[in-house]
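**Q** Numbering (full-length UniProt numbering), first residue to last: 1 to 286.
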Amino acid sequence: MRIGFVGAGRMAQAIAKGFTSRGIIKSRNIWASDRAEKTLERISTELRINVTHDNREVVEHSDILVLSVKPQVMDTVLAELSDLTDPSKLVVSVAAGVTLDHLQSRLLPDSRVIRLMPNTPILANAGASVYCVGKAAKPEDGPLIEALFKSVGTCDYLPENLMDAATGLSGSGPAFIFEAIDAMTSAGVQMGLPLSLAQRLVCQTVHGAGLLALQSGQSPAELRDAITSPGGTTIAGLSELEARGFRAALWQAVMTSAKRSAELGSGINDPVKPVDDKESPVCTIN
Ligand SMILES: NC(=O)c1ccc[n+]([C@@H]2O[C@H](COP(=O)([O-])OP(=O)(O)OC[C@H]3O[C@@H](n4cnc5c(N)ncnc54)[C@H](OP(=O)(O)O)[C@@H]3O)[C@@H](O)[C@H]2O)c1
Numbered sequence: 001m002r003i004g005f006v007g008a009g010r011m012a013q014a015i016a017k018g019f020t021s022r023g024i025i026k027s028r029n030i031w032a033s034d035r036a037e038k039t040l041e042r043i044s045t046e047l048r049i050n051v052t053h054d055n056r057e058v059v060e061h062s063d064i065l066v067l068s069v070k071p072q073v074m075d076t077v078l079a080e081l082s083d084l085t086d087p088s089k090l091v092v093s094v095a096a097g098v099t100l101d102h103l104q105s106r107l108l109p110d111s112r113v114i115r116l117m118p119n120t121p122i123l124a125n126a127g128a129s130v131y132c133v134g135k136a137a138k139p140e141d142g143p144l145i146e147a148l149f150k151s152v153g154t155c156d157y158l159p160e161n162l163m164d165a166a167t168g169l170s171g172s173g174p175a176f177i178f179e180a181i182d183a184m185t186s187a188g189v190q191m192g193l194p195l196s197l198a199q200r201l202v203c204q205t206v207h208g209a210g211l212l213a214l215q216s217g218q219s220p221a222e223l224r225d226a227i228t229s230p231g232g233t234t235i236a237g238l239s240e241l242e243a244r245g246f247r248a249a250l251w252q253a254v255m256t257s258a259k260r261s262a263e264l265g266s267g268i269n270d271p272v273k274p275v276d277d278k279e280s281p282v283c284t285i286n
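1) For the segment 86-93 and the segment 20-28, state whether three or more C-beta atom pairs, one from each stretch, are separated by less than 8 Å.
2) Going by DSSP in three states, ARG2 sits in which element: helix, strand or coil?
3) Quick one: measure Cβ to Cβ for ILE114 and ASP156, integer angstroms, because I've assumed they're closer than 8 Å.
4) Note down the Cα distance separating VAL58 from GLN104, rounded to an integer number of angstroms.
5) Please confirm whether any heavy atom of ligand 1 lies closer than 7 Å to the CB of SER229.
6) Starting from THR185, trace the alpha helix (DSSP H) in both directions and tell me its first and last residue.
7) Using a Cβ-Cβ cutoff of less than 7 Å, which residues in the same chain neighbour ILE122 once the five nearest sequence positions on both sides are dropped?
8) Spatial neighbours of GLU279 within its chain, please: C-beta separation below 7 Å, excluding the five flanking residues on both sides.
9) Could you tell me the distance, in whole angstroms, from the CA atom of ALA137 to the CA atom of VAL6?
10) Output the boundary residues of the alpha helix (DSSP H) element that contains ASN55.
11) For ARG2 and LEU250, I'd like the C-alpha separation in whole angstroms.
12) State the DSSP-derived secondary structure class of VAL77, mapped to helix, strand or coil.
13) Give me the DSSP bridge partner(s) of VAL133.
14) Using the DSSP secondary-structure output, state which residues sit across from GLY127 in a beta bridge.
15) Is THR233 near ligand 1, in the sense that its beta carbon is under 7 Å from a heavy atom of that ligand?
16) Could you check if GLY4 belongs to the surroundings of ligand 1, using beta carbon to heavy atom distance under 7 Å?
17) Would a C-beta distance cut-off of 8 Å place ALA128 and SER170 closer than the cut-off?
18) When the Cα of GLU160 is compared with those of ALA262, GLY23, PRO194, ALA226, which residue comes out closest?
19) Under a Cβ-count criterion, where at least 16 other Cβ atoms within 10 Å of its own Cβ denotes burial, should ARG112 be classed as buried or exposed?
20) Is the beta carbon of SER93 closer than 8 Å to that of THR167?
21) Among ALA95, GLN204, ALA236, ALA187, which residue has its Cα nearest to the Cα of ALA12?
22) Out of ARG22, GLY23, SER21, ASN50, point me to the one whose CA is closest to SER33's CA.
23) From the DSSP output, read off the bridge partner residues of ALA32.
24) How about SER68: is its Cβ closer than 7 Å to a heavy atom in ligand 1?
25) What is the DSSP secondary structure of VAL202, reduced to helix, strand or coil?
26) Please classify SER68: does DSSP put it in a helix, a strand, or coil?
27) Enumerate in chain order the residues of its own chain whose CB-to-CB distance from VAL66 is below 6 Å, with the five nearest sequence positions on each side excluded.
28) Indicate, with yes or no, if ligand 1 has a heavy atom lying under 7 Å from the CB of ASN29.
29) If you count every other CB in all the chains shown that lies within 10 Å of the CB of LYS70, and 16 or more means buried, which is it?
30) For the beta strand (DSSP E) containing LEU90, name the first residue and the last one.
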């Protein structure tokens with residue numbers, strides 16, 4: 001199976017690295033195109049995948065074509081590639097907000113299309129992806145994408161009307177958790193812990209808490225209450241979170257991110273960031 005990425009930025013690289021490191025797809029069967037020469041040179045060296053500036057060349061070499069550009073440039077890319085997306089290709093868009101109808105209307109009428117919302121923990125084989133399926137897709141297309149992305153985390157089918165919600169939750173979600181990790185690490189450093197140890201303690205705590213919540217069969221509220229003694233240390237910290245609106249802030253962050261996804265899908269476009277933002281370690285949905 002050959003897979004191609006149009007737009008070789010952070011999300012495409014995370015997926016390509018996830019697949020190659022797990023041996024799911026051989027690097028010689030992966031193609032990627034981008035505008036930035038530096039990006040192409042770097043990923044060609046690091047991932048040993050095939051690279052080009054020519055988006056159309058990627059389509060020609062792909063059975064699965066992943067459109068991994070920003071939502072704001074999706075129409076330009078669709079216009080450039082529409083005549084090449086015959087039913088022999090499966091087209092997968094990872095762009096926030098861009099709907100199946102929108103994609104389908106700009107490709108050949110019988111194009112097989114899937115809308116996927118992955119996240120960057122795919123790099124650690126712990127991604128959380130959701131997808132929905134276009135009307136001309138074959139019955140086996142959804143299960144194929146599900147199996148591929150399950151190999152680097154979880155992958156669930158979702159009706160399209162919930163894709164923006166999932167974008168706010170799991171697509172943008174890692175950034176909210178990184179923010180929490182960073183803040184807790186800083187508190188540890190302020191109290192005298194070495195930075196690397198503070199960060200490791202916080203990351204392991206987030207990892208462990210997530211695993212426990214997944215595996216225990218108990219709700220997060222039950223797990224929290226189980227470590228909250230009356231008059232103890234945890235309730236002292238929790239009362240501070242409550243007073244400062246932690247829960248409401250997180251809740252609203254997810255909702256606002258989902259709303260932004262829907263806006264992008266309905267054509268409310270911001271300018272795309274310049275190329276020199278490239279090496280930023282922060283992964284952004286848009
Ligand atoms: N990052 C995440 O955590 C995440 C998670 C889920 C979904 N997504 C989705 O993934 C998509 C890509 O996001 P990203 O974070 O990977 O963005 P990114 O790092 O900016 O990558 C997009 C790449 O596409 C390139 N590009 C722009 N116009 C192009 C064109 N006409 N032809 C070929 N390449 C072109 C960009 O080059 P320039 O820099 O020169 O513009 C950039 O290298 C977005 O639609 C986003 O919603 C991202």
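Glycine included, each C-beta is placed from N, C-alpha and C at the ideal position.
Note that the structure is a prediction, hence the values are computed from the model and not measured.
**A** In terms of the structure at hand:
1) no
2) coil
3) The pair is not a contact, with the Cβ atoms about 13 Å apart (cut-off 8 Å).
4) 19 Å
5) no
6) 173-190
7) ALA14, ILE15, GLY18, VAL152, GLY153
8) With a pLDDT of only 42 at GLU279, under 50, the local geometry of the prediction cannot be trusted, and the value read off the model is given with reservation. Result list for GLU279: empty, nothing under 7 Å.
9) 20 Å
10) 55-60
11) 39 Å
12) helix
13) ILE114
14) GLY153
15) no
16) no
17) yes
18) ALA262
19) buried
20) no
21) ALA95
22) ASN50
23) PHE5, VAL51
24) yes
25) helix
26) coil
27) PHE5, VAL92
28) no
29) buried
30) 90-93
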